[in-house]
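Asker:
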Amino acid sequence: MVLPESDRLRVGGTIWNGEAVIASTMRIEWNFAPIASVAELSFSADFRMTGGGTDLAGLATKAGSSFRFRNVSGQLDDGMLAAFAPNLPVDCRFLAEVDFERLVLGGASQMAEGSLRLSPATCFLKVGASPAAELPASTFSIAPNATTSAGSTTAIGTRERLLEVRLAPNGALSLWPTAAAVRYVPFFAGLRYDTKIE
-19 MVLPESDRLR VGGTIWNGEA VIASTMRIEW NFAPIASVAE LSFSADFRMT GGGTDLAGLA
41 TKAGSSFRFR NVSGQLDDGM LAAFAPNLPV DCRFLAEVDF ERLVLGGASQ MAEGSLRLSP
101 ATCFLKVGAS PAAELPASTF SIAPNATTSA GSTTAIGTRE RLLEVRLAPN GALSLWPTAA
161 AVRYVPFFAG LRYDTKIE
């Protein structure tokens, strides 16, 4: 009931202790967290997500139609994007160190607060014959403000902003490259990714 199965999601075990496999590549394991459940007044579980170069852990809480994540840290790679955002028009190979204090997905109060430290990335279009291009090592941070959660990726060496991100409370998510990013990766020109997290 919490994680309905589909052609991309397989679930095993129980609500107290179980696992799910997403897109045959990412595995999420969870264990009921009774003290956190009392504190949050909702079902909470310690979770760990693994697969490829991804190894993340944190606390997840199911509250109504929302999933609230706290203190999520570890490492992720491009395989996570492939599993959770398969319709992105570009593919970038990278590793990232993750430190997210809060993340709320689903419902009417979605938000994000945290940071990533990303390795240099090799990017290419999924369709077409454009050559691969390189983005420099960068940092990403996102935080809520009065109307939305706003974030950006900044090159470590030059301090150029490379990618802008917005997450609205209703789940509208937008990502777009800056002019600086287009200088590194010409085929980013005109690209914008808009979706909605239900």
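With the numbering used here, the residue at position 171 of the sequence shown is 151, and numbering never jumps. Each residue gets a CB set at the ideal place from its N, CA and C atoms; glycine is no exception. All of these numbers come straight from a predicted model, not from anything done at the bench.
Going by other Cβ atoms of all chains shown within 10 Å of its Cβ, with 16 needed for buried, is Asp174 buried or exposed?
Answerer: On the sequence shown, residue 174 is found 194 positions in, with the first residue counted as 1. By the 10 Å Cβ count, Asp174 comes out exposed.
Asker: Suppose contacts are defined by Cβ-Cβ distances below 7 Å. Is Ala0 in contact with Arg(-12) by that definition?
Answerer: In the sequence shown, the residue the question calls residue 0 occupies position 20. In the sequence shown, the residue the question calls residue -12 occupies position 8. No. Outside cutoff.
Asker: Could you have a look at Ile2 and say whether DSSP puts it in helix, strand or coil?
Answerer: Start at 1 with the first residue of the sequence shown, and residue 2 comes out as number 22. In this structure, Ile2 counts as strand in the three-state DSSP scheme.
Asker: If the criterion is Cβ atoms closer than 7 Å, does the pair Thr102 and Glu93 meet it?
Answerer: The residue given as residue 102 occupies position 122 in the sequence shown. The residue given as residue 93 occupies position 113 in the sequence shown. Taking 7 Å as the Cβ cut-off, Thr102 and Glu93 do not qualify as a contacting pair.
Asker: May I have the straight-line CA-CA distance separating Ala43 from Gly86, to the nearest angstrom?
Answerer: Residue mapping note: residue 43 aligns to position 63 of the sequence shown, counting from 1. Residue mapping note: residue 86 aligns to position 106 of the sequence shown, counting from 1. One C-alpha to the other measures close to 10 Å.
Asker: Considering just the uninterrupted stretch of the alpha helix (DSSP H) at Thr172, what are its terminal residues?
Answerer: Within the sequence shown, residue 172 is the residue found at index 192, counting from 1. Contrary to the premise, residue 172 reads as Arg rather than Thr in this sequence. That residue, Arg172, is in no alpha helix (DSSP H); it is neither H nor E in DSSP.
Asker: Are the region 28 to 36 and the region 6 to 13 touching, with three or more C-beta to C-beta distances below 8 Å?
Answerer: These segments touch.
Asker: Jot down the residue ranges of each uninterrupted alpha helix (DSSP H) in the region 84 to 138, minimum 4 residues, whole runs only, in chain order.
Answerer: As far as the region 84 to 138 is concerned, it has no whole alpha helix (DSSP H) run of at least 4 residues.
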